[in-house]
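Engineer: Please read through the structure below; I'll follow up with questions.
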Amino acid sequence: MLSKGTPNIVLVKTSIYISEGVYGLYGMRRILVFLFGFFVFSFWNLFTLQSFGQVPPFDEYLWIMVYGDGGIGIQLLTSLKEPVFANLNVLNLQLLKHIKSISLKIKYNSICSLQITLDWKSVDLEEAEVVGYEIVERISYKFLGGKFVLDKKEPLINPLTGERLYIRLYYVPVDVNFNRVVDSIWSEITSKCRCPDGLINIISKEYLYKESNVILIVDDLAKSPSSLFPDYYVSISIMFYEYFDFKIGYTYVLDVFKLFNLTNPIMISKNSLSSVIEIHISTFIPSKGHHFDFFYEILDVYFSSIRYRIGTGEFEGNIVELVISNNIPNREQTPAYYIPGKVIDGLWVKFKVVERGYKFEFSSTMYGIIFISLSMVISSLIVYLYFRKKFRK
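Here the working numbering = 1-based position in the sequence shown + 823.
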């Protein structure tokens, strides 16, 4: 993408010196457009890197969300050492050369959808269905059983250049034995897991037989190097409905060990370079799409001596959910998410439901973002005024 953007920068520089009048104004407009785009990109890039802590791809990621209706959502992401589907044990080289990604989503007794993304440069629209059908047949035979049919075909084109990129195929089952699917997929996950001694041990296979829980397996052969997720990973989502009954003035404890009936310590995988644990406490209610009119106060946190930080409060009338996380990069010492082999003997948060009115605490990161943003705006304004004055002479 950067190499394609270079000619635009050259044109901007050239247009400054072409002539005054129409060409000068045209050049000035291009400069302003470029500066505005650069400002937006820089701000987004800075905000994104700070939000995610500039971490390498997650090897283990445990995300816990407490919702305003008392429900608790869990997502565990763990990397795989090799692809589940896009390998020579399942497919041949002739099929593999067309594949960009394969993903399987399973929701017990409800969803079993397979998504295949093919390279448009190696296969055309007509051939895509034939190639996709053979891939699905092989995957179904080895893991899923039953029959799958094509639900949708989606060509993906670069909106700026018109370049043909990918062909995405969506398949749904005609009939499927969910017990067989869960058994075979779980066996494959545990055998290919890069961190078998880590956070995945929080989850037992029994959770996957509940209709509200979801497994997502991704084999991504075309991942961007800047992605925060590994090439091959599994994501397991679990929902506990109405776990808490929130009332203003009452105190509650989210104990992860109690939630999963864990009686022994767990461990961060010895193979993991980045293990992130995040607990979010929000007033948002997914089923209703709005927030409850109360807030929370963190009273105590236990993270088994893992360094963490807390984001708190309310900002400009908008709810800012509480986040307890060890996603803390640090140039001077080892990042808080680099804890291979760390034993965790407990993980809990004690909080109180309170009236709204807490103020958002600005961090040094937020001040830095604001300062850089203002600097970019001022610089753009100076350049604009300079060229406006120059071309009006």
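Heads up, the beta-carbon is just placed ideally off N, CA and C, and yes, glycines get one too.
1) Mind listing, in chain order, the continuous alpha helix (DSSP H) runs of no fewer than 4 residues lying wholly within the region 944-1016?
2) When the Cα of V1166 is compared with those of N1150, I1089 and N1000, which residue comes out closest?
3) Taking the beta carbon of L983 as the centre, do at least 16 other beta carbons fall within 10 Å, making it buried, or is it exposed?
4) Apply the 10 Å Cβ neighbour rule to E1034 and answer buried if 16 or more other Cβ atoms are within range, or exposed otherwise.
5) Could you tell me the boundaries of the alpha helix (DSSP H) in which L1082 lies?
6) Compute the Euclidean distance between the alpha carbons of Y1160 and V889, then round it to the nearest angstrom.
7) Taking L919 and A909 to be in contact with their CB atoms under 8 Å, please state how far apart those CB atoms are, rounded to whole angstroms.
8) Between the C-alpha atoms of G1021 and E949, what's the straight-line distance to the nearest angstrom?
9) What are the uninterrupted segments assigned as alpha helix (DSSP H) that are 4 or more residues long and contained completely in the region 892-948, given in chain order?
10) Just reading off the beta strand (DSSP E) that D1123 is part of, what are its end residues?
11) Less than 7 Å between C-beta atoms, sequence neighbours within five positions excluded: which residues of the same chain meet that for D998?
12) For F861, collect the residues of the same chain with a Cβ closer than 6 Å to its Cβ; drop the 5 residues on either side in sequence, then sort them by chain order.
13) Tell me the rounded alpha-carbon separation between V1076 and Y931.
14) Pull up the DSSP beta-bridge partners for R1130, would you.
15) F1063 lies in the beta strand (DSSP E); which residues open and close that run?
16) Of all the options F1117, L1039 and I939, which has the alpha carbon lying nearest to the alpha carbon of E979?
17) Identify the continuous beta strand (DSSP E) that holds L1039 and give its terminal residues.
18) For the structure I just gave you, are there three or more beta carbon pairs, one from the region 988-998 and one from the region 1061-1077, closer than 8 Å?
19) Pick helix, strand or coil for E883, following the three-state DSSP scheme.
20) Quick one: using the 10 Å Cβ neighbour count with 16 as the cut-off for buried, is S1014 buried or exposed?
21) Would you call the CB atoms of I1129 and N1149 closer than 9 Å?
22) By the three-class DSSP mapping on this structure, what secondary structure does I1102 have?
23) So, helix, strand or coil for Y1073, using DSSP?
Structural biologist: The structure says:
1) 948-962 and 1001-1015
2) Translated into the one-based positions of the sequence shown, residue 1166 becomes position 343. The shortest C-alpha separation from V1166 is found at I1089.
3) Reading the sequence shown from its first residue, position 160 is the one you call residue 983. Flag for L983 reads exposed.
4) Within the sequence shown, numbered from 1, the residue matching residue 1034 stands at position 211. Looking at its Cβ environment, which holds fewer than 16 other Cβ atoms inside 10 Å, E1034 is exposed.
5) Position 259 of the sequence shown holds residue 1082. Run containing L1082: V1079 to L1082, per the alpha helix (DSSP H) assignment.
6) Translated into positions along the sequence shown, residue 1160 becomes position 337. Translated into positions along the sequence shown, residue 889 becomes position 66. Y1160 and V889 have their C-alpha atoms roughly 22 Å apart.
7) As a first step, residue 919 must be located in the sequence shown, where it is residue number 96. As a first step, residue 909 must be located in the sequence shown, where it is residue number 86. Confirmed, about 6 Å.
8) Position 198 of the sequence shown, counting from 1, holds the residue named residue 1021. Position 126 of the sequence shown, counting from 1, holds the residue named residue 949. Straight-line Cα distance between these residues: approximately 44 Å.
9) 916-919
10) Here the question's residue 1123 lines up with position 300 in the sequence shown. Run containing D1123: F1118 to Y1125, per the beta strand (DSSP E) assignment.
11) Against the sequence shown, residue 998 aligns to sequence position 175. Around D998: G969 and K970.
12) One-based indexing of the sequence shown puts residue 861 at position 38. Per-residue confidence for F861 stands at a pLDDT of 48, beneath the threshold of 50, marking its modelled position as unreliable; the derived number appears in the next sentence. Same-chain partners within the cutoff: there are none.
13) As a first step, residue 1076 is located in the sequence shown; it is residue number 253 there, counting from the start. As a first step, residue 931 is located in the sequence shown; it is residue number 108 there, counting from the start. So the alpha carbons of these two residues sit roughly 30 Å apart.
14) One-based indexing of the sequence shown puts residue 1130 at position 307. For R1130, which the question treats as bridged, DSSP gives no partner whatsoever.
15) Position 240 of the sequence shown holds residue 1063. Here the beta strand (DSSP E) through F1063 covers Y1055 to F1063.
16) Counted from its first residue, the sequence shown places residue 979 at position 156. A quick correction: the sequence has Leu, not Glu, at residue 979. I939 is the residue among F1117, L1039 and I939 whose C-alpha sits nearest the C-alpha of L979.
17) As a first step, residue 1039 must be located in the sequence shown, where it is residue number 216. V1037 to D1043 is the span of the beta strand (DSSP E), which, as asked, contains L1039.
18) no
19) As a position in the sequence shown, residue 883 is number 60, starting the count at 1. DSSP places E883 in strand when its eight states are reduced to three.
20) Within the sequence shown, residue 1014 is the residue found at index 191, counting from 1. Answer is exposed; the Cβ neighbour count stays below 16.
21) Translated into the one-based positions of the sequence shown, residue 1129 becomes position 306. Translated into the one-based positions of the sequence shown, residue 1149 becomes position 326. Judged by beta-carbon spacing, N1149 lies within the 9 Å limit of I1129, meaning their Cβ atoms are closer than that value.
22) What you label residue 1102 is simply residue 279 of the sequence shown in a count that begins at 1. Looking at I1102 - three-state DSSP - the assignment turns out to be strand.
23) Counting from one through the sequence shown, the residue named residue 1073 turns up at place 250. Y1073 falls in the coil class under three-state DSSP.
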